[in-house]
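Data first, discussion second: the structure below is written as structure tokens.
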Amino acid sequence: MPSSDGIGEPWQLLGHGEWHPHGTAERVYNLVAFFVNLTNVFGNSFIFFMFAKDKSLWEPRTLLVLNLAFADLSWGSAAMVTELINSIKGGFATGTLGCTVALHFASFGIALSMQTFMWISVDRWLAIVRERPPNPWQIYSVIASTWVVALMYTIWLIFAGRPAGGGLMSSTHTYCEAAWMFPSLLMRSMAYFTQAAYFSFFLITTYCYTSIYMTFRESRRRLNGLNLMTAGTGAFTAKGVVGGSTENLQSSSAKQSNLSNATSNVEKGIKKPQKLQDQEIQIIKKFVTLVSVFLVTWGMWVFGVVAYQSHTGRASPIWQNGLGAMMAYMNSAVNPILLVGMDNRFTASAKRVVGWA
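Whatever position you read off the sequence shown (first residue = 1), add 2 for this note's numbering.
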């Protein structure tokens, strides 16, 4: 059996409630983890509630958001229940089976979440930069592919973790982590694939949002040039009217009136796309924020747990293992808050379904 500090043979089976968390820091950690996971469950359940009540949200593109909510909810709820039982009864009271189930729910949710985030950025890139938004069936195919890959990833981890008893006792005594340090070809390939997927996600999303930013910057430059051209035309015409003869004043005034109306129409035409552009920029800011949160939170788990264990062959230090798990929990908990709070459409929908609108 691994020792109480979480350092031990990863292929030994898990205990069954043989100890309770020992120490104030660990008890505080478990309490914070419980409320973070509770926020995850409540927030992502509210996303489902919004879709059930507001039929206007049922569009192919917004279904990517629903897919993301399911990914976070699937493993967040399993982690919350598992940690709660283990914290109350001590040790891994859920046993090897309960630990393994929670672990594979987590692996499925992680794979689904990573892919969905990537495809959201690709969808925005196709619509804004390439001006070829995916049709509904393409988005449905993307969602289906994320499920297939997530299931394959989970099955891969099941076979890779079989020699290790399906899971590893973590340094917090309550949650389960895969035996990333287990010296087998399957487990090492699993760890390297996880790291490669994380970096691929980062590169693809960075490219997509950088391209979108450059597109908007070029659009603003052209709009500013059009504004300057319109202003210059108006000033030139006004000068011609003042310098004209008295007998042509009435005719010039009529021309000036027509030009003013035309200029006003041009300016209105500029303001309308400018408003739409500002709305799109707000959407981009939302997704950039979501991706940044994802990179930081999941990055702590990828580097602090998966990469560390697979490259050193040792279990992660207590603080590193606990921080990686906590940051992963925080990612799934903060996603619905950002989705509702940073998107006017979802904010309005949330107000309607709770009766505030």
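For every residue, glycine included, the Cβ atom is placed at its ideal position computed from N, Cα and C.
Given residue i as reference, the closest of the options once Cα atoms are compared
i, options, result
"methionine 189", "Ile145, Phe48, Gly315, Ile320", "Gly315"
"tryptophan 77", "Gly92, Thr96, Asn39, Gly97", "Asn39"
"phenylalanine 195", "Met154, Met216, Asp345, Arg223", "Met154"
"leucine 99", "Ile141, Asn32, Tyr177", "Tyr177"
"threonine 84", "Gly97, Asn46, Glu28", "Gly97"
"tyrosine 200", "Ala309, Ser351, Trp358, Ala352", "Ala309"
"glutamine 284", "Arg223, Gly326, Tyr215, Val34", "Tyr215"
"leucine 205", "Ile157, Leu187, Ser294, Ala152", "Ser294"
"alanine 162", "Val34, Thr207, Thr102, Glu28", "Thr102"
"serine 221", "Ile130, Phe289, Lys288", "Ile130"
"serine 79", "Ile49, Ser191, Phe36", "Phe36"
"valine 307", "Phe289, Ala327, Lys288", "Ala327"
Nearest-angstrom Cα separation, counted from residue j out to residue i
i, j, result
"valine 124", "leucine 75", "23 Å"
"serine 58", "serine 334", "25 Å"
"alanine 146", "asparagine 69", "10 Å"
"isoleucine 122", "leucine 66", "7 Å"
"methionine 183", "alanine 193", "9 Å"
"proline 12", "methionine 120", "Confidence at proline 12 is low in this model, with a pLDDT of 40, below 50, so its placement is unreliable and the value that follows should be read with caution. Each residue's alpha carbon lies about 32 Å from the other."
"serine 115", "asparagine 337", "10 Å"
"glutamine 322", "glycine 301", "12 Å"
"alanine 317", "proline 185", "12 Å"
"arginine 219", "arginine 132", "15 Å"
"glutamine 144", "asparagine 346", "According to the sequence displayed, residue 144 carries valine and not glutamine. Cα to Cα, valine 144 sits roughly 25 Å from asparagine 346."
"alanine 95", "threonine 26", "20 Å"
"leucine 261", "cysteine 210", "Low per-residue confidence applies at leucine 261: pLDDT is 46, beneath 50, and the placement is therefore not dependable, though the value from the model is reported in the following sentence. Approximately 42 Å, taken between the alpha carbons."
"glycine 111", "alanine 152", "8 Å"
"tryptophan 139", "tryptophan 60", "14 Å"
"arginine 224", "glutamine 311", "52 Å"
"tryptophan 303", "threonine 217", "33 Å"
"isoleucine 286", "leucine 297", "16 Å"
"phenylalanine 51", "alanine 198", "35 Å"
"alanine 181", "serine 213", "39 Å"
"leucine 187", "isoleucine 157", "15 Å"
"phenylalanine 53", "histidine 313", "43 Å"
"isoleucine 9", "valine 43", "Low per-residue confidence applies at isoleucine 9: pLDDT is 39, beneath 50, and the placement is therefore not dependable, though the value from the model is reported in the following sentence. The alpha-carbon atoms of isoleucine 9 and valine 43 are separated by roughly 31 Å."
"glycine 357", "alanine 113", "35 Å"
"valine 290", "glutamate 28", "33 Å"
"aspartate 280", "valine 150", "36 Å"
"isoleucine 49", "threonine 207", "24 Å"
"valine 34", "serine 191", "33 Å"
Contacting residues, own chain, Cβ-Cβ under 7 Å from residue i (five flanking each side not counted)
i, result
"threonine 349", "Val342, Gly343"
"isoleucine 160", "His106"
"threonine 118", "Leu66, Asn69, Leu70, Ala73, Thr148"
"threonine 299", "Met329, Ala330, Met332, Asn333"
"isoleucine 339", "Gly45"
"glycine 104", "Before going further, note that residue 104 is alanine rather than glycine in the sequence given. Within the same chain, alanine 104 has close Cβ partners Ala80, Ala81, Thr84, Cys178."
"phenylalanine 2", "Coverage of the chain is limited to positions 3 through 359, which leaves residue 2 absent and any answer about it impossible."
"phenylalanine 305", "none"
Opposing strand residues paired with residue i [DSSP bridges]
i, result
"glutamate 28", "Answer is none; glutamate 28 lacks a bridge partner."
"cysteine 410", "The shown model of the chain, from 3 to 359, leaves out residue 410, and the question about it has no answer."
"glutamate 133", "According to DSSP, glutamate 133 bridges with nothing at all."
Contacting residues, own chain, Cβ-Cβ under 8 Å from residue i (five flanking each side not counted)
i, result
"leucine 128", "Arg134, Pro135, Pro136"
"isoleucine 141", "Pro62, Arg63, Leu65, Leu66, Asp125"
"aspartate 56", "Ser351, Arg354, Val355"
"isoleucine 87", "Ala95, Thr96, Gly100"
"serine 47", "Leu75"
Proximity test, Cβ basis, 8 Å: residue i and chain C
i, result
"lysine 288", "Of the protein chains in this structure there is only one, and it is not chain C."
Close Cβ partners of residue i (< 6 Å) along its chain, the five nearest in sequence each way excluded
i, result
"threonine 41", "Ala335"
"alanine 108", "Trp77"
"serine 89", "Asn32, Thr176"
"leucine 292", "Leu340"
"lysine 288", "Met344, Asp345"
Inset, instruction - Report the residue ranges of all alpha helix (DSSP H) runs contained in full by the stretch 59-124; include only those spanning at least 4 residues, in chain order. - result: 62-91
Inset, instruction - Report the residue ranges of all beta strand (DSSP E) runs contained in full by the stretch 284-357; include only those spanning at least 3 residues, in chain order. - result: none
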